[in-house]
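*Asks:* Quick one: this structure, given as structure tokens, is what I'll be asking you about.
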Amino acid sequence: MIENSLWKRILFGYLAIALFMLAMSFYLIFRLSYLNKVTESVMRADIPFIENGEKLMDSLLEQVRNEKKYLITNDNAFLDLFDKKKREFLDRLKFLEESVTDREKETFVNQIKELHKKYLSMVSKGIILVGNEEIIPHDTRYEDEKKKTLDQLTESINRLILATQTELIKKVELFQIIGYKSTKISLIIILFAVLFGAIFAYVFTRSICLPIKILKEATERIAQGDLDYRIEVTSRDEIGALGTAFNQMCKKLKEMDQMKTEFVSNISHNLKTPLTAIREANDLLLEKIAGPINKSQMKLLAITKEETLRLTMLINDLLDISRIEAGLMRYNFQYSNIQDIIRKSADEIRFLAESKNIHLRWVKADFMPQILLDRDKIAQVMDNLLSNAIKFTPSGGMIKIRVSEVESQNTPHFFAGQNRLNNVHSFIRVSISDTGIGIPVECHRKIFDKFQQVNNKEKGGIKGTGLGLSIAKHIILDHGGDIWVENNKGKGSTFHFTLPYRYDYALNC
Ligand SMILES: Nc1ncnc2c1ncn2[C@@H]1O[C@H](COP(=O)(O)OP(=O)(O)O)[C@@H](O)[C@H]1O
Ligand SMILES: [Mg+2]
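For what it's worth, this note's numbering labels the leading residue of the sequence shown as 7, then goes sequentially.
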């Protein structure tokens with residue numbers, strides 16, 4: 007069952023980021039609306055309050071000025087102006103009284119009210135006297151009292167304005183604090199969103215890319231023929247399902263490969279007996295034991311003999327490969343001299359080389375190394391390498407065989423693993439070079455796989471099974487050696503194989 011599927015994870019990631027953004031937006035909206043309220047209260051209450059306070063002061067000064075002018079000039083115009091300013095003062099005071107919000111300001115307003123009343127009552131006395139055209143007696147106590155009342159009144163108005171201004175300043179400061187706080191919190195939320203986004207993107211991309219990389223490597227391994235390779239499925243999402251499907255595909259491939267191998271093996275076995283009978287019958291006919299034959303019959307029989315021989319070789323190769331793949335290849339290891347095996351193989355093939363006008367040269371080593379090996383199998387490798395060299399070398403060419411001892415650290419690791427036989431000090435290296443058609447570098451590994459032949463069709467349609475090098479590779483690897491090919495500087499290619507020569511016995515156990 008698929009769990010924690012990818013789309014759920016993607017949805018979760020995007021939802022989380024969207025939530026961060028939503029939280030930030032709500033917070034900012036809430037803060038802005040609060041700031042709006044504060045601004046509105048400043049615009050609606052505080053600023054008109056201060057304005058009225060200032061005008062209150064102006065109208066008081068106007069009252070005092072007009073009162074004095076009236077007392078001096080006895081001109082009723084000043085009295086009217088005084089009255090007008092008095093009403094204006096009282097209106098403004100009423101406004102202030104209605105819009106006052108706290109106790110401190112309320113006290114000031116009440117004080118102003120009381121003091122203004124006092125001032126008016128003091129003033130009215132003088133006005134009445136002047137109106138009756140009486141001389142106002144000079145009374146310093148009365149003058150001082152009036153002056154004191156006026157001073158107290160102006161002070162109260164000033165303190166009321168100051169209190170409102172202080173409140174305004176506090177609100178502006180609050181503005182700044184809210185602005186600073188909102189910026190800070192928005193930045194923190196953005197930082198969290200970015201951090202979460204980055205971590206989410208990293209973890210999510212990794213959780214997809216890593217399994218894809220593993221899948222890619224696994225596909226490469228399968229493409230290289232390692233059908234036993236399996237992926238470890240750890241997740242239960244879509245990628246995990248892909249991994250399970252991949253493993254099922256590999257299992258199926260392996261089963262099909264086994265079926266194919268068994269099929270080839272069965273067919274080869276079943277073909278071997280009738281083929282032997284055909285060959286024997288062919289030989290009997292050729293030897294004229296079954297009766298006389300004419301020249302053209304002889305020619306035809308020679309062709310059938312050659313073709314049945316090729317068929318037998320193909321079947322033998324197929325049986326070898328099936329045995330190797332089934333792990334049933336048996337070896338008869340014994341200490342033998344590698345030079346003996348080379349000499350035998352070279353002698354057997356010399357006739358074929360000479361018939362193609364190819365010079366076969368064997369550079370004999372001056373030592374006779376005894377190596378633990380299976381004579382027949384190493385001879386099979388030599389035969390295939392030499393027959394290949396002859397097959398792919400045009401007439402007039404040359405094939406050279408060399409044997410040398412190489413230090414373990416100087417041998418390349420082509421198919422054998424780096425740590426394989428690390429107790430081996432030195433190897434015997436056999437090299438067969440030719441002046442043939444050569445092999446493209448990109449095919450140097452591929453030609454050791456079964457049924458792989460390179461450009462043979464274009465290069466003269468040379469026949470073969472494509473199994474020889476694959477069998478040789480398995481035989482050499484089973485001996486603890488390695489096999490590889492190099493391009494010659496001039497023309498052709500050189501095949502090398504190594505066999506362990508000097509090693510520590512104790513470590514080998
Ligand atoms: N000496 C060589 N020169 C050029 N190509 C070679 C040589 N030896 C092998 N090859 C290439 O490697 C392929 C595989 O060789 P092998 O496995 O022996 O199969 P076969 O000889 O049956 O074709 C050959 O078909 C050929 O394309
Ligand atoms: Mg061959």
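Yeah, the Cβ is synthetic: ideal placement off N, Cα and C, and Gly gets one too.
Using a Cβ-Cβ cut-off of 7 Å (strictly less than) and excluding sequence neighbours within five positions of Leu317, which residues of its own chain qualify?
*Replies:* Leu281
*Asks:* Identify which residue in Glu331, Ala296, Glu223, Leu126 has its Cα closest to the Cα of Phe269.
*Replies:* The shortest CA-to-CA distance from Phe269 to any of Glu331, Ala296, Glu223, Leu126 is the one to Glu331.
*Asks:* Ignoring anything shorter than 4 residues, give me the alpha helix (DSSP H) runs that lie fully in the segment 44-102, in order along the chain.
*Replies:* 53-79
*Asks:* Starting from Phe269, trace the alpha helix (DSSP H) in both directions and tell me its first and last residue.
*Replies:* 244-292
*Asks:* Less than 8 Å between the CB atoms is what I'm expecting for Ser65 and Lys91, so what's the real figure, rounded?
*Replies:* 5 Å
*Asks:* Check whether the Cβ of Ala359 lies closer than 8 Å to any heavy atom of ligand 1, and answer yes or no.
*Replies:* No - ligand 1 has no heavy atom lying nearer than 8 Å to the Cβ of Ala359.
*Asks:* Using the Cα positions of Gly496 and Phe339, report the straight-line distance between them to the nearest angstrom.
*Replies:* Taking the straight line from one Cα to the other gives about 38 Å.
*Asks:* Return the chain-ordered list of same chain residues with a C-beta closer than 8 Å to the C-beta of Val115, the five sequence neighbours on each side being excluded.
*Replies:* Hits under 8 Å: Leu99, Leu102, Glu103, Val106, Leu166.
*Asks:* So, Glu411 versus Ala371, is the Cβ gap smaller than 9 Å?
*Replies:* yes
*Asks:* In chain order, what residues of the same chain have a beta carbon less than 8 Å from the beta carbon of Ser401, not counting five sequence neighbours either side?
*Replies:* Lys362, Asn363, Ile364
*Asks:* Whose C-beta lies closer than 6 Å to the C-beta of Leu320 among residues of the same chain, with five residues either side of it excluded?
*Replies:* Thr471
*Asks:* Could I get the ranges of all uninterrupted beta strand (DSSP E) runs contained in the segment 482-509, with 3 residues as the minimum, in chain order?
*Replies:* If we require 3 residues or more, the beta strand (DSSP E) runs fully inside the segment 482-509 come out as 489-493, 499-509.
*Asks:* Return yes when at least one heavy atom of ligand 3 lies under 8 Å from the C-beta of Ala207, else no.
*Replies:* Ligand 3 is absent from the structure shown, which contains only ligand 1 and ligand 2.
*Asks:* Just the C-alpha distance for Cys256 and Arg242, rounded to the nearest angstrom, thanks.
*Replies:* So the two alpha carbons sit approximately 19 Å from each other.
*Asks:* Taking 8 Å as the cut-off, does the CB of Leu306 come closer than this to any heavy atom belonging to ligand 2?
*Replies:* no
*Asks:* Compute the distance between the beta-carbons of Asp81 and Lys75, then report whether it is under 9 Å.
*Replies:* In this structure, Lys75 lies closer than 9 Å to Asp81 by Cβ.
*Asks:* What's the call for Pro506, buried or exposed, on a 16-neighbour Cβ count within 10 Å?
*Replies:* Pro506 is buried by the Cβ-count criterion.
*Asks:* Nearest CA to the CA of Gly442: which residue from Ile220, Lys152, Ser393, Ile78?
*Replies:* The option with the nearest alpha carbon to Gly442 is Ser393.
*Asks:* State buried or exposed for Gly466, treating a residue as buried only when at least 16 other CB atoms are found within 10 Å of its CB.
*Replies:* For Gly466, the pLDDT reaches just 47, beneath the cut-off of 50, and the residue's location in the model is therefore unreliable, although a value from the coordinates is still provided. Gly466 comes out exposed.
*Asks:* Among the residues of its own chain, which have a CB less than 8 Å from the CB of Gly231, if the five just before and after it don't count?
*Replies:* Excluding residues up to 5 positions away in sequence, Asp455 lie with their Cβ nearer than 8 Å to the Cβ of Gly231 in the same chain.
*Asks:* Which class does Phe457 belong to by DSSP, given the choice of helix, strand or coil?
*Replies:* coil
*Asks:* Identify the continuous beta strand (DSSP E) that holds Tyr341 and give its terminal residues.
*Replies:* 340-343
*Asks:* Express the C-alpha separation of Tyr235 and Arg329 in angstroms, rounding to a whole number.
*Replies:* Rounded to the nearest angstrom, the gap between the Cα atoms of Arg329 and Tyr235 is 21 Å.
*Asks:* Helix or strand or just coil, what does DSSP make of Lys177?
*Replies:* helix
*Asks:* DSSP has Asp372 in a bridge; who is on the other side?
*Replies:* Asp372 is not bridged to any residue.
*Asks:* Looking at the structure shown, is Ser432 part of a helix, part of a strand, or coil, going by DSSP?
*Replies:* Note: Ser432 maps to strand in three-state DSSP.
*Asks:* For Ile273, which option in Asn322, Ala251, Tyr208 has the closest C-alpha, if you only look at C-alpha atoms?
*Replies:* The option with the nearest alpha carbon to Ile273 is Asn322.
*Asks:* To the nearest angstrom, how far is it from the Cα of Ser432 to the Cα of Val387?
*Replies:* 21 Å
*Asks:* With Thr504 and Ile438 assumed to form a contact (beta carbons below 8 Å), what rounded beta-carbon distance in angstroms separates them?
*Replies:* No, Thr504 and Ile438 are not in contact; Cβ-Cβ is about 13 Å, not under 8 Å.
*Asks:* Please indicate yes or no: does the CB of Ser499 lie closer than 8 Å to some heavy atom of ligand 2?
*Replies:* no
*Asks:* Do you know offhand how far Ala24's Cα is from Pro217's?
*Replies:* 28 Å
*Asks:* Go ahead and label Asn514 buried or exposed: buried means 16 or more other beta carbons lie within 10 angstroms of its beta carbon, across all protein chains shown.
*Replies:* In this predicted model, Asn514 has a pLDDT of only 44, less than 50, meaning its place in the structure is not dependable; the value taken from the coordinates is given anyway. Exposed: under 16 other Cβ atoms inside 10 Å.
*Asks:* Who are the near neighbours of Asp52 in its chain, counting only those whose CB is closer than 8 Å to its CB and skipping five residues on each side?
*Replies:* Thr170, Glu173, Leu174, Lys177
*Asks:* In the structure shown, what three-state DSSP assignment does Lys362 receive?
*Replies:* coil
*Asks:* Who does Arg408 pair with in a DSSP beta bridge?
*Replies:* Val369, Ser437
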